[in-house]
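Enquirer:
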Amino acid sequence: MKKLLLLIFLFFSVQTFAQNAAIDSLKILLSNEKMDTTSVKLNNDISRKLINASDYENALKYANDAINLAKISSFFAKGENQRGVQKGIAVSLNNIGLIYTYQGNYPEALKNYLSSLKIREELGDKFGIASSLNNIGYIYSNQGNYPEALKNHLASLKIREELGDKKGNAGSLINIGLIYTNQGNYPEALKNYLSSLKIDEELGDKKGISVSLNNIGNIYSYQGNHPEALKNYLASLKIREELGDKKGIASSLNNIGNVYSYQGNYPEGLKNLLSSLKIMEELGDKKGNASTLNNIGGVYSIQGNYPEALKNFLASLKIREELGDKNGISSSLNNIGNVYTKTGKAEEGKKYILKSLQLSNEIGALDIVVKNYQALAQADSALGNYQSALENYKQYILYRDSLLNEENTKKTMQQHMQFDFDKKEAIALAEFEKQQQLSAAELEKRNILLVKNKQSLVILEQDNELRTLALAHSTAELKQKESFSENQKKEIELLNKDNLLKQAQAAKKEEELKKQRIATYAAAGGGMLILVVLAFALKAYRNKRRSNLIIIKQKQEVEKQKTAVEQQKQVIEEKQKEILDSINYAKRIQTAILPPQRIVKQYLPDSFIIYKPKDIVAGDFYWLETVQLNDEKIIGLADGKRKLEDHQQINTSANQLISTSAHQQINTSSIQQINTSSNQLILFAAADCTGHGVPGAMVSVICNNGLNRSVREYGITDPGKILDKTREIVIQEFEKSDDEVKDGMDISLCALQGNTLHWAGANNPLWIIRSNEIIEYRADKQPIGKYAENKLFTTHSIELQKNDNLYIFTDGFADQFGGEQGKKFKSANFKKLLLSIQSETMERQKEIISETFSFWKGSLEQIDDVCIIGVRL
Numbered sequence: 003m004k005k006l007l008l009l010i011f012l013f014f015s016v017q018t019f020a021q022n023a024a025i026d027s028l029k030i031l032l033s034n035e036k037m038d039t040t041s042v043k044l045n046n047d048i049s050r051k052l053i054n055a056s057d058y059e060n061a062l063k064y065a066n067d068a069i070n071l072a073k074i075s076s077f078f079a080k081g082e083n084q085r086g087v088q089k090g091i092a093v094s095l096n097n098i099g100l101i102y103t104y105q106g107n108y109p110e111a112l113k114n115y116l117s118s119l120k121i122r123e124e125l126g127d128k129f130g131i132a133s134s135l136n137n138i139g140y141i142y143s144n145q146g147n148y149p150e151a152l153k154n155h156l157a158s159l160k161i162r163e164e165l166g167d168k169k170g171n172a173g174s175l176i177n178i179g180l181i182y183t184n185q186g187n188y189p190e191a192l193k194n195y196l197s198s199l200k201i202d203e204e205l206g207d208k209k210g211i212s213v214s215l216n217n218i219g220n221i222y223s224y225q226g227n228h229p230e231a232l233k234n235y236l237a238s239l240k241i242r243e244e245l246g247d248k249k250g251i252a253s254s255l256n257n258i259g260n261v262y263s264y265q266g267n268y269p270e271g272l273k274n275l276l277s278s279l280k281i282m283e284e285l286g287d288k289k290g291n292a293s294t295l296n297n298i299g300g301v302y303s304i305q306g307n308y309p310e311a312l313k314n315f316l317a318s319l320k321i322r323e324e325l326g327d328k329n330g331i332s333s334s335l336n337n338i339g340n341v342y343t344k345t346g347k348a349e350e351g352k353k354y355i356l357k358s359l360q361l362s363n364e365i366g367a368l369d370i371v372v373k374n375y376q377a378l379a380q381a382d383s384a385l386g387n388y389q390s391a392l393e394n395y396k397q398y399i400l401y402r403d404s405l406l407n408e409e410n411t412k413k414t415m416q417q418h419m420q421f422d423f424d425k426k427e428a429i430a431l432a433e434f435e436k437q438q439q440l441s442a443a444e445l446e447k448r449n450i451l452l453v454k455n456k457q458s459l460v461i462l463e464q465d466n467e468l469r470t471l472a473l474a475h476s477t478a479e480l481k482q483k484e485s486f487s488e489n490q491k492k493e494i495e496l497l498n499k500d501n502l503l504k505q506a507q508a509a510k511k512e513e514e515l516k517k518q519r520i521a522t523y524a525a526a527g528g529g530m531l532i533l534v535v536l537a538f539a540l541k542a543y544r545n546k547r548r549s550n551l552i553i554i555k556q557k558q559e560v561e562k563q564k565t566a567v568e569q570q571k572q573v574i575e576e577k578q579k580e581i582l583d584s585i586n587y588a589k590r591i592q593t594a595i596l597p598p599q600r601i602v603k604q605y606l607p608d609s610f611i612i613y614k615p616k617d618i619v620a621g622d623f624y625w626l627e628t629v630q631l632n633d634e635k636i637i638g639l640a641d642g643k644r645k646l647e648d649h650q651q652i653n654t655s656a657n658q659l660i661s662t663s664a665h666q667q668i669n670t671s672s673i674q675q676i677n678t679s680s681n682q683l684i685l686f687a688a689a690d691c692t693g694h695g696v697p698g699a700m701v702s703v704i705c706n707n708g709l710n711r712s713v714r715e716y717g718i719t720d721p722g723k724i725l726d727k728t729r730e731i732v733i734q735e736f737e738k739s740d741d742e743v744k745d746g747m748d749i750s751l752c753a754l755q756g757n758t759l760h761w762a763g764a765n766n767p768l769w770i771i772r773s774n775e776i777i778e779y780r781a782d783k784q785p786i787g788k789y790a791e792n793k794l795f796t797t798h799s800i801e802l803q804k805n806d807n808l809y810i811f812t813d814g815f816a817d818q819f820g821g822e823q824g825k826k827f828k829s830a831n832f833k834k835l836l837l838s839i840q841s842e843t844m845e846r847q848k849e850i851i852s853e854t855f856s857f858w859k860g861s862l863e864q865i866d867d868v869c870i871i872g873v874r875l
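Written out as structure tokens, the structure is:
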């Protein structure tokens with residue numbers, strides 16, 4: 003950490019020295035100037051340099067000096083000079099606006115930008131107007147007034163396009179992209195960032211490139227593509243360090259810190275964020291300071307250090323409220339609300355979240371709206387307001403899907419791919435043109451060589467003509483000497499002829515040699531050229547052939563592997579199909595043993611059943627049986643074995659046989675049978691067998707059979723005795739196996755006669771809700787199956803009242819992991835949920851319980867089967 007800060011300090015020292023040197027040079031020039039438009043311009047230039055160096059105090063001084071000088075000069079200036087003075091004032095006001103912008107004083111910044119715009123419009127200064135509109139749009143964007151911000155940026159962009167101001171064009175595109183980012187329109191934002199990056203690369207504008215890369219990184223970060231985001235942030239940081247851009251470096255370090263935190267590397271994340279904060283504080287950059295404090299709070303919150311998280315979030319909120327930064331305020335309020343919810347102060351947390359939701363909706367910050375609905379769902383869940391939690395969770399899913407839908411992600415990828423393609427295509431085109439130029443140059447070279455050869459032949463022909471002329475001249479001279487003596491004349495004639503012959507022969511020979519040499523050189527050059535071309539062609543052919551052979555071989559190998567994979571896939575699919583067919587057949591069998599809903603509704607009209615198997619088949623099941631009772635009943639032995647000699651006839655009522663006390667144990671060793679004036683007994687149960695999936699389903703079939711036999715074959719109607727007999731049957735079934743089987747069943751079993759309920763349970767309880775209070779009947783702590791110490795099951799009798807709600811269930815709902823921290827739902831929360839929905843119909847209760855389960859589970863896997871039965875009297 004110290005080393006990083008030291009390196010940044012040293013780097014900045016070098017850059018600051020360079021900036022100071024430039025400023026000192028301008029000051030020297032200023033000291034030599036008179037009070038005119040030139041001195042106004044120099045003051046403005048110094049002010050702008052100081053702004054870039056983050057020396058806002060001195061920058062403001064020089065900007066004000068420029069305005070004062072301009073006002074004095076205006077008394078003497080006329081015509082074009084007067085126009086120059088007004089232009090200087092507009093620049094000064096714009097610089098003052100920039101200073102207030104960087105200090106976070108947006109109202110003052112806007113005031114100066116508008117004043118600058120007014121002067122520029124009067125002057126018809128299009129470049130200046132575009133700059134002012136851009137800066138005004140930036141202020142509106144920071145204040146969360148996105149429609150007004152977009153209007154100004156688009157107007158600025160239009161003027162800059164007309165002027166061909168590429169640098170300004172890139173700046174406007176960046177700011178338009180920022181608005182779309184804040185509105186959650188990531189594809190449109192990325193489109194503008196990439197357009198800006200393209201222009202910056204064409205201009206070689208390193209600062210612009212760094213800004214575009216940083217903002218592209220933001221898009222990937224918001225979409226959860228953290229590796230791609232980090233790649234862009236690091237590329238941006240490298241350029242900013244080269245430029246000595248302190249503000250940019252702080253921004254990059256802040257974003258890099260965020261990515262490391264999202265990836266779970268909290269020490270590295272915190273290190274970068276603290277480095278960013280130090281630079282922001284040095285610069286007096288309030289907006290950046292607030293953003294970094296907010297992100298530091300986020301890291302502490304993830305680590306569970308809530309006091310430190312809250313401290314940073316509150317510090318961030320204070321600055322953002324001073325700035326009037328609505329987007330930032332909304333984000334901070336959301337984070338503070340989340341911390342309060344996590345620390346058990348959900349009521350307080352909800353107040354902050356609702357404020358954040360109102361503000362984020364007002365400014366159209368879709369990404370914060372998504373976070374707020376998620377936070378509200380969590381706060382309501384913590385408060386036990388499950389219906390409200392469910393509605394907010396639905397809103398969260400709705401907004402989240404619209405923000406991060408697959409189409410948006412696809413568009414983002416397509417735009418970046420198109421940008422990369424265009425870039426590569428441009429490089430390829432440049433390379434092709436270069437090759438074309440090289441080919442043209444080579445062709446020109448060959449043409450020059452041919453021209454030279456042609457010129458050589460022309461020279462030879464001219465030489466021959468000269469020799470012929472010389473020969474003719476010599477002949478003429480000889481004719482003039484015909485007055486000489488005939489012998490002498492003949493001798494001379496012979497000598498001349500001999501000489502002429504020799505000269506002609508020599509000339510001819512020399513000409514032939516020259517032609518031969520030229521032909522030889524031309525042939526050799528052409529031959530060499532042909533050989534070079536052939537050599538390249540041969541090499542290219544061999545390379546292509548080698549590549550083709552490799553490709554063919556690889557293709558054959560791929561085809562071979564593909565065939566093998568397809569065969570394996572086919573085998574696996576066939577096996578999977580066989581397994582699925584078997585499981586689906588098992589499901590049909592299991593479904594056949596479950597009572598149809600129409601039968602359930604026939605006997606329990608105001609009721610519901612929630613049945614959610616973890617897999618295709620389940621270990622949980624629900625059971626229903628009805629028994630017609632007569633006034634006189636045959637009573638069987640307690641062990642369920644029916645013997646004629648032990649039968650006796652009695653007249654009694656069910657209320658005499660089963661105690662009306664809610665907690666009194668029935669002596670199940672005595673001979674009893676339910677008998678009531680109501681001639682119908684409705685038996686129903688929610689059962690949970692060992693395991694889930696196919697193994698659980700197999701156990702459920704055996705246990706279901708045990709219940710049926712206890713009632714149908716052995717004629718038992720007392721719930722405790724039914725469980726005793728079912729346990730006996732199940733153990734007998736499992737004892738047939740050579741291996742010891744300890745599987746069994748937990749169950750909650752009810753026998754309803756009019757307004758009287760007889761109940762027994764193995765590990766699973768009965769809840770009755772009466773007058774918005776829960777009465778809980780605890781089950782015997784033993785399963786239906788082998789156990790260390792088997793005891794007789796207890797039957798409880800309860801006199802029910804009108805509008806009592808009965809609930810029996812398995813443990814799958816309460817044991818489900820979910821929520822923000824991935825914890826179990828637990829029975830206490832299940833009780834709160836049921837109490838909160840007592841005013842609803844049983845059908846609506848079913849919907850709410852089911853939706854709450856889905857909401858709680860979220861993207862986590864369902865860990866067990868779920869079975870819940872609710873009955874209203």
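According to our numbering, the residues represented by the sequence shown are 3 to 875, in order.
The beta-carbon is built from N, C-alpha and C at its ideal position, and this holds for glycine as well.
(1) Note the first and the last residue of the continuous beta strand (DSSP E) segment covering leucine 610.
(2) Using a Cβ-Cβ cutoff of less than 8 Å, which residues in the same chain neighbour serine 806 once the five nearest sequence positions on both sides are dropped?
(3) Considering only residues of the segment 314-386, which uninterrupted alpha helix (DSSP H) runs meet the minimum length of 4 residues and lie entirely inside it, listed in chain order?
(4) Reducing DSSP to helix, strand and coil, say where arginine 85 ends up.
(5) So who's on the other strand from methionine 747, going by DSSP bridges?
(6) With distances taken Cα to Cα, identify the nearest neighbour of glutamate 284 among Asn257, Leu312, Ile251 and Tyr302.
(7) Please look up how many angstroms separate the CB atoms of phenylalanine 866 and lysine 616, rounded, as I've assumed it's under 8 Å.
(8) Over what stretch of residues does the alpha helix (DSSP H) that includes valine 301 continue unbroken?
(9) For alanine 566 and lysine 557, I'd like the C-alpha separation in whole angstroms.
(10) Are the CB atoms of asparagine 220 and isoleucine 176 within a distance shorter than 8 Å?
(11) Within 10 angstroms of its Cβ, does lysine 546 collect 16 or more other Cβ (buried), or is it exposed?
(12) For valine 696 and valine 619, which I take to be in contact (beta-carbon distance under 8 Å), what is that distance rounded to the nearest angstrom?
(13) Can you give, in chain order, each stretch of the beta strand (DSSP E) that sits fully within the segment 814-868 and has at least 3 residues?
(14) Examine the Cβ distances between the segment 335-345 and the segment 369-380 and report whether three or more of them are shorter than 8 Å.
(15) Let's test the definition: count the other Cβ atoms within 10 Å of the Cβ of glutamate 166 and tell me whether it reaches 16, buried, or not, exposed.
(16) Among the residues of its own chain, which have a CB less than 6 Å from the CB of leucine 862, if the five just before and after it don't count?
(17) Could you work out which residue in Ala699, Ala381 and Tyr58 is closest to leucine 356 when comparing CA atoms only?
(18) Using beta-carbon positions only, say whether aspartate 813 and threonine 796 come within less than 8 Å of one another.
(19) Opposite tyrosine 779 in the DSSP bridges: which residues?
(20) Report, in whole angstroms, the separation of the C-beta atoms of tyrosine 398 and glutamine 376, which I expect to be a contact under 8 Å.
(21) Using DSSP with H/G/I as helix, E/B as strand and the rest coil, what is arginine 874?
(22) Would you tell me roughly how many angstroms separate the C-alpha atoms of leucine 272 and asparagine 257, rounded to the nearest one?
(23) Round the Cβ separation of asparagine 314 and isoleucine 298 to the nearest angstrom and send it over; I've been treating them as touching at under 8 Å.
(24) Here's the rule I'm using: 16 or more other beta-carbon atoms within 10 Å means buried, otherwise exposed. How should proline 785 be labelled?
(25) Does DSSP put aspartate 622 in a helix, a strand or coil?
(26) Mapping DSSP to helix, strand and coil, what is leucine 156?
(27) Is alanine 292 near serine 254, with beta carbons less than 8 Å apart?
(28) Can you give the Cα-Cα distance for methionine 747 and asparagine 706, rounded to whole angstroms?
(29) Quick one: residues in its chain with C-beta nearer than 7 Å to the C-beta of alanine 384, no 5 flanking neighbours on either side, listed in chain order?
(30) By the 10 Å Cβ neighbour count, where 16 or more other Cβ atoms means buried, how is lysine 793 classified, buried or exposed?
(31) Assuming asparagine 274 is part of the alpha helix (DSSP H), what are its boundary residues?
(32) I think phenylalanine 811 touches alanine 688, with their Cβ atoms under 8 Å apart; what is that distance to the nearest whole Å?
(33) In chain order, what residues of the same chain lie with their CB nearer than 7 Å to the CB of methionine 37, ignoring the 5 residues before and after it?
(34) Assuming serine 838 contacts asparagine 387 under a Cβ cut-off of 8 Å, what Cβ separation, rounded to an integer in Å, is found between them?
(35) Apart from the five residues just before and just after alanine 157, which ones in its own chain have a Cβ nearer than 6 Å to its Cβ?
Expert: In brief:
(1) The sequence position of residue 610 within the sequence shown is 608, counting from 1. The sequence given here places phenylalanine at residue 610; leucine does not occur at that position. It spans 609-614 - the beta strand (DSSP E) in which phenylalanine 610 sits, taken as one unbroken run.
(2) Along the sequence shown, one-based indexing puts residue 806 at 804. With the sequence shown as reference, residue 806 is identified as aspartate, and serine is not the correct amino acid for it. Here the set comprises Ile770, Ile771, Arg772, Arg874 and Leu875.
(3) 328-344, 348-365 and 368-385
(4) Residue numbering aside, residue 85 sits at position 83 when the sequence shown is read from its first letter. Three-state DSSP puts arginine 85 in a helix.
(5) One-based indexing of the sequence shown puts residue 747 at position 745. Bridge partners of methionine 747: Cys691 and Ile786.
(6) As a working mapping, residue 284 is identified with position 282 in the sequence shown. The candidate whose alpha carbon is nearest that of glutamate 284 is Ile251.
(7) Within the sequence shown, residue 866 is the residue found at index 864, counting from 1. Within the sequence shown, residue 616 is the residue found at index 614, counting from 1. For the sequence presented, residue 866 should be read as aspartate rather than phenylalanine. 6 Å between Cβ atoms; contact.
(8) To locate residue 301, count along the sequence shown from 1; it is residue 299. 288-304 is the extent of the alpha helix (DSSP H) around valine 301.
(9) To locate residue 566, count along the sequence shown from 1; it is residue 564. To locate residue 557, count along the sequence shown from 1; it is residue 555. Cα-Cα distance, rounded: 14 Å.
(10) What you label residue 176 is simply residue 174 of the sequence shown in a count that begins at 1. What you label residue 220 is simply residue 218 of the sequence shown in a count that begins at 1. Contact: no.
(11) Start at 1 with the first residue of the sequence shown, and residue 546 comes out as number 544. It is exposed - the Cβ of lysine 546 has fewer than 16 other Cβ atoms within 10 Å.
(12) Residue 696 sits at position 694 when you count from the first residue of the sequence shown. Residue 619 sits at position 617 when you count from the first residue of the sequence shown. Indeed, because the Cβ distance is near 6 Å, the residues count as touching under 8 Å.
(13) none
(14) yes
(15) Counted from its first residue, the sequence shown places residue 166 at position 164. According to the sequence displayed, residue 166 carries glycine and not glutamate. A residue is called buried when at least 16 other Cβ atoms come within 10 angstroms of its Cβ; glycine 166 does not meet this threshold and is exposed.
(16) Against the sequence shown, residue 862 aligns to sequence position 860. Contacts found: Phe819 and Gly820.
(17) Taking the sequence shown and counting its residues from 1, the one referred to as residue 356 is at position 354. Measuring from the Cα of leucine 356, the nearest candidate turns out to be Ala381.
(18) For the purposes of this step, residue 813 is identified with residue 811 of the sequence shown, where counting begins at 1. For the purposes of this step, residue 796 is identified with residue 794 of the sequence shown, where counting begins at 1. No. Outside cutoff.
(19) Here residue 779 corresponds to residue number 777 of the sequence shown, with the count starting at 1. Tyrosine 779 is bridged to Leu768.
(20) Here residue 398 refers to the residue found at position 396 of the sequence shown. Here residue 376 refers to the residue found at position 374 of the sequence shown. A Cβ-Cβ distance of about 4 Å is found for the pair tyrosine 398 and glutamine 376, placing them in contact under the 8 Å criterion.
(21) Within the sequence shown, numbered from 1, the residue matching residue 874 stands at position 872. Three-state result, arginine 874: strand.
(22) Within the sequence shown, numbered from 1, the residue matching residue 272 stands at position 270. Within the sequence shown, numbered from 1, the residue matching residue 257 stands at position 255. Computed Cα separation, rounded: 11 Å.
(23) Locating residue 314 in the sequence shown gives position 312, where the first residue counts as 1. Locating residue 298 in the sequence shown gives position 296, where the first residue counts as 1. Indeed, because the Cβ distance is near 5 Å, the residues count as touching under 8 Å.
(24) Along the sequence shown, read from residue 1 onward, the residue named residue 785 stands at position 783. Counting Cβ neighbours within 10 Å, proline 785 comes out buried, since at least 16 surround it.
(25) Here residue 622 corresponds to residue number 620 of the sequence shown, with the count starting at 1. Of the three classes helix, strand and coil, the one that applies to aspartate 622 here is strand, per DSSP.
(26) Here residue 156 corresponds to residue number 154 of the sequence shown, with the count starting at 1. Three-state result, leucine 156: helix.
(27) In the sequence shown, the residue the question calls residue 292 occupies position 290. In the sequence shown, the residue the question calls residue 254 occupies position 252. In this structure, serine 254 does not lie closer than 8 Å to alanine 292 by Cβ.
(28) Locating residue 747 in the sequence shown gives position 745, counting from the first residue. Locating residue 706 in the sequence shown gives position 704, counting from the first residue. One C-alpha to the other measures close to 10 Å.
(29) Taking the first residue of the sequence shown as 1, we reach residue 384 at position 382. Cβ neighbours of alanine 384 beyond the five flanking positions: Thr343 and Ala348.
(30) Translated into positions along the sequence shown, residue 793 becomes position 791. Counting Cβ neighbours within 10 Å, lysine 793 comes out exposed, since fewer than 16 surround it.
(31) Position 272 of the sequence shown holds residue 274. Run containing asparagine 274: 268-285, per the alpha helix (DSSP H) assignment.
(32) As a working note, residue 811 is residue 809 in the sequence shown. As a working note, residue 688 is residue 686 in the sequence shown. About 5 Å separates the two Cβ atoms, so the contact holds.
(33) Along the sequence shown, read from residue 1 onward, the residue named residue 37 stands at position 35. Low local confidence applies: a pLDDT of 47 at methionine 37 is under 50, so the model's placement there is unreliable, and no value is given.
(34) By 1-based counting over the sequence shown, the position of residue 838 is 836. By 1-based counting over the sequence shown, the position of residue 387 is 385. By a beta-carbon distance limit of 8 Å, serine 838 contacts asparagine 387. Their separation comes to about 7 Å.
(35) Taking the first residue of the sequence shown as position 1, residue 157 is located at position 155. Around alanine 157: Leu135.
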